[in-house]
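What follows is a set of notes on a single structure, which appears directly below.
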Amino acid sequence: MTIIRYLNIKININKKTNFFKTDKMKYIEDRKVGELMTHGAITVPEHAKVIDVVRILSDDRIHAVVVVDKEHRASGVISEIDISKALGCDLGEVTAVDIMSNPVKSIDANASVGEAAKVMAENRFERLAILGENGLPTGVISMTDIIREIAMSGF
Numbered sequence: 779m780t781i782i783r784y785l786n787i788k789i790n791i792n793k794k795t796n797f798f799k800t801d802k803m804k805y806i807e808d809r810k811v812g813e814l815m816t817h818g819a820i821t822v823p824e825h826a827k828v829i830d831v832v833r834i835l836s837d838d839r840i841h842a843v844v845v846v847d848k849e850h851r852a853s854g855v856i857s858e859i860d861i862s863k864a865l866g867c868d869l870g871e872v873t874a875v876d877i878m879s880n881p882v883k884s885i886d887a888n889a890s891v892g893e894a895a896k897v898m899a900e901n902r903f904e905r906l907a908i909l910g911e912n913g914l915p916t917g918v919i920s921m922t923d924i925i926r927e928i929a930m931s932g933f
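Residues are numbered in the numbering used here as their position in the sequence shown, beginning at 1, plus a constant of 778.
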């Protein structure tokens with residue numbers, strides 16, 4: 779006896795990659811970055827000591843901060859990877875501007891999550907800053923945010 783079950787999902791095959799997409803994945807890709815982003819980017823000034831950045835990452839249980847200049851515009855990002863590269867230095871003397879990754883790669887809050895994921899994948903970034911119309915950081919979207927949304931949607 780053979781039992782065949784049919785799934786009531788639509789599957790699209792991307793001809794370039796041979797990856798498939800379900801309607802749920804398409805729904806997530808089409809959502810706006812602003813819906814998934816973490817609002818209120820945690821920032822540090824360029825002159826902040828790296829040891830203080832380490833404390834912020836640890837205390838706030840985050841993986842990166844946005845570095846801002848005197849006008850509070852994003853000038854770089856410091857992630858755990860950037861800090862690991864500075865471990866041989868005196869973290870009480872090294873400043874944020876010395877180890878930050880720059881320029882800041884950002885995306886508009888109205889961009890699609892699919893576009894954000896594409897930018898992150900192409901540039902090997904774990905996160906993108908969201909900048910407001912005035913150039914000030916308003917949030918961050920990370921691969922973790924996107925993966926969490928996929929997991930929560932019942933895949």
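Built from N, CA and C at the ideal position, the CB exists for glycine as well. These figures come from a predicted structure and were not determined experimentally.
Can you tell which of the options has the C-alpha that lies nearest to the C-alpha of residue i?
{"i": "residue 882", "options": "826, 821, 833 and 825", "result": "821"}
{"i": "residue 861", "options": "874, 849 and 853", "result": "874"}
{"i": "residue 886", "options": "847, 818, 903 and 911", "result": "911"}
Tell me which residue opens and which closes the alpha helix (DSSP H) that residue i is part of.
{"i": "residue 922", "result": "921-930"}
{"i": "residue 833", "result": "828-838"}
Where do the N-terminal and C-terminal ends of the beta strand (DSSP E) with residue i fall, by residue?
{"i": "residue 853", "result": "852-857"}
{"i": "residue 874", "result": "Where residue 874 is concerned, there is no enclosing beta strand (DSSP E), although the alpha helix (DSSP H) it sits in stretches over 874-877."}
If we ignore side chains and look at the alpha-carbon of each, how far apart do residue i and residue j end up?
{"i": "residue 855", "j": "residue 831", "result": "11 Å"}
{"i": "residue 851", "j": "residue 905", "result": "17 Å"}
{"i": "residue 809", "j": "residue 829", "result": "37 Å"}
{"i": "residue 916", "j": "residue 872", "result": "26 Å"}
{"i": "residue 899", "j": "residue 893", "result": "10 Å"}
{"i": "residue 815", "j": "residue 890", "result": "11 Å"}
Using DSSP's beta-bridge definition, name the partner residues of residue i.
{"i": "residue 817", "result": "917"}
{"i": "residue 822", "result": "845"}
{"i": "residue 861", "result": "For residue 861, which the question treats as bridged, DSSP gives no partner whatsoever."}
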